[in-house]
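Novice: In our numbering, the protein residues as written are 22 to 164.
(1) Which parts of the stretch 102–131 are runs of the alpha helix (DSSP H), unbroken and 4 residues or longer, counting only runs that do not cross its ends?
(2) Are residue 50 and residue 69 closer than 9 Å when you measure CB to CB?
(3) Got a sec: is the Cβ-Cβ distance from residue 53 to anything in chain B below 9 Å?
(4) Could you tell me the boundaries of the alpha helix (DSSP H) in which residue 92 lies?
(5) Tell me the DSSP secondary structure of residue 64 in three-state form.
(6) Can you list, in chain order, the residues of its chain whose CB lies under 7 Å from that of residue 144, leaving out five sequence neighbours each side?
(7) Whose C-beta lies closer than 6 Å to the C-beta of residue 30 among residues of the same chain, with five residues either side of it excluded?
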């Protein structure tokens, strides 16, 4: 089993809002999953242990910090525990599907410690924006 998430996968949501986790990653979700709003109008899907780590980090910080408050309101308030079913699918609630404009098709990408679920048009736009800056960013990162 891989220790990180990477790759891009085309998937579909069924009529009940269920999305299949890419087969190669399903073992990472045996302890459960958490789906939530994420940056760029996509969703993040965290394995339960990674979610607990993220939550522990944010709860160490002062509640009065405006950035912490925004994170709690945006990410934590939108979070939904979504244990995969026997076919490796997680149910994405309507409020999260609406936030990410998901209906039918989706792109699932690996992003190190979590998966992201994108509406395909938004993903293409995001890639186009990233591509214009990536050479400079890689140079600045020393890569």
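Cβ atoms here follow ideal geometry from the backbone N, Cα and C, with glycine treated the same way.
Specialist: Looking at the coordinates:
(1) Assignment of alpha helix (DSSP H) within the stretch 102–131, counting only whole runs of 4 or more residues, yields 115–120 in chain order.
(2) One thing to note: residue 50 has its Cβ within 9 Å of the Cβ of residue 69.
(3) Here chain B cannot be found, since the structure has a single protein chain.
(4) Segment 87–92, the alpha helix (DSSP H) holding residue 92.
(5) In the structure shown, residue 64 falls within a strand segment according to DSSP collapsed to helix, strand and coil.
(6) Excluding sequence neighbours, residue 144 sits near 128.
(7) Excluding positions up to five away in sequence, the list reads 43 and 129.
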